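Inspection log for the structure reproduced underneath, given as structure tokens.
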Amino acid sequence: QTGTKKRDFLGFTGLDAEKIIELFDYSLHIKQQREANRQTAEFRPIRHKTVAMIFNKPSLRTRVSFELGVYELGGHAISLEGKSIGVGERESVEDIARLLSRYNDAIVARLHEHEIIETLAAHASIPVINALTDLSHPCQILADAFTLYEKGLWRDDIKVVFVGDGNNVANSWIELAGILPFHFVLTCPEGYLPDETLLKQARANAKSVIEIVHDPMEAAKDADVLYTDVWTSMGQEDEMAERLKTFEPYQINSKMMAEAKSSAVVMHCMPAHRGQEISAEVMDGPQSIIIDEAENRLHVQKALMVKLMNHDVYRKFHLTH
Ligand code: CP
Ligand code: NVA
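Quick note on UniProt numbering: the sequence shown kicks off at 5 and runs consecutively.
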């Protein structure tokens, strides 16, 4: 990396629409190579490189897709349980950042406070990737938007309706709308609004329409995508009983589907709770592309790691395609 500024991925800020589409095109290439079994021994863009992964919260998709992704790109991933390293407790975030920068080539981190990942990135000399914080989950939304893109569904006026909590996943959709033009609607109960700063920043992009509508049935009208997430995020378990009651009208079910376009697709970042934020019928029905989006975490994150960890390979692909 000598001479070039290291690149992080903490969110979408700093990217433009063109760079995001470039990343999608590379993700598609990576996916197709894997499907055609063409990931030959020669394609090892992060060979001999290692990625330190810090998980301060549970994970299935993120952990597996990153670890597998690193392996498939020729590198090695080291999984660190937050509890055992004690981020900011056993030692300071700054020291962890400096030390891992000596051992490893990138850091993937799932943390509570977003400020901690910013501190990590500020003090690390290697790329830092946000694998979810209380504020945002950009790798997820990258995979989600890519899923729509590869299916030929992405358009400037695509109406994506996020049904539920104005949480980290909703915030990342909003952040994306600040860069890539589309129509985003969040339907949530009063008091469960998304991050105000991200919303304000995103609204500065006049090419996107960003709405907050409290009536879920009204919001779902003519939707191209109905999207949901858990009602109780990791770390909010104490509020579960209250949330179960408050969010009841915000379930994606057949009745809500009837409001959306007949061609609408249904998405969920998972883990999913049938009978809560989504009915079993819809989750497992023909309009669900939920497993596709989960699979795509692998492909987009591989593309992202090549972009951040071996920019020459990434650039060369775009020069030749
Ligand atoms: N969607 C997602 O990030 O899943 P995990 O929490 O299992 O990683
Ligand atoms: N909003 C959820 C996303 C899980 C992938 C959470 O933070 O728990």
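Here a beta-carbon is modelled for each residue, glycine too, at the ideal position from N, C-alpha and C. Since the structure is predicted, the reported quantities are computational estimates derived from the model, not experimental observations.
* By Cβ distance below 6 Å, which residues in the same chain neighbour P185 in space, the five residues on each side in sequence not counted? -> Excluding residues within five positions, the ones whose Cβ falls inside 6 Å are D160, K211, S212.
* I295 classed as buried or exposed, judged by whether at least 16 other C-beta atoms fall within 10 angstroms -> Result: exposed.
* **Same chain, Cβ closer than 7 Å to I121, neighbours up to 5 away in sequence not counted** => Around I121: L14, A113, L115, V132, N134, T137.
* Segment limits, alpha helix (DSSP H) that includes N134 -> Run containing N134: none in the alpha helix (DSSP H); it sits in the beta strand (DSSP E), 132-134.
* Asked: How big is the Cα-Cα spacing for K249 and G239?
  -> Looking at the two C-alpha atoms, the distance is approximately 18 Å.
* Just grab the DSSP bridge partners of E46 for me. => Beta-bridge pairing links E46 to no other residue.
* **Where the alpha helix (DSSP H) through E22 begins and ends** => DSSP places E22 in the uninterrupted alpha helix (DSSP H) bounded by 21-39.
* **Own chain residues within Cβ distance below 7 Å of G170, not counting five before or after** => Same-chain partners within the cutoff: L190, C192, Y196, L197, P198.
* Taking the C-alpha atoms as reference points, what is the distance between S140 and N314? -> Roughly 25 Å between the two C-alpha positions.
* In its own chain, which residues sit with a C-beta less than 6 Å from the C-beta of M274, not counting the 5 before and 5 after it? -> A298, listed in sequence order.
* **Under the three-state DSSP convention, the category A268 falls into** => In this structure, A268 counts as coil in the three-state DSSP scheme.
* Distance, Cα to Cα, I293 vs V270? -> Using only the alpha carbons, I get a separation of about 6 Å.
* Express the C-alpha separation of K23 and Q5 in angstroms, rounding to a whole number. => Summary for Q5: the model assigns pLDDT 43, below 50, so the residue's position carries little reliability, and this model does not support an answer.
* For T232, which residues does DSSP report across the bridge? -> Paired residue(s): V167, H272.
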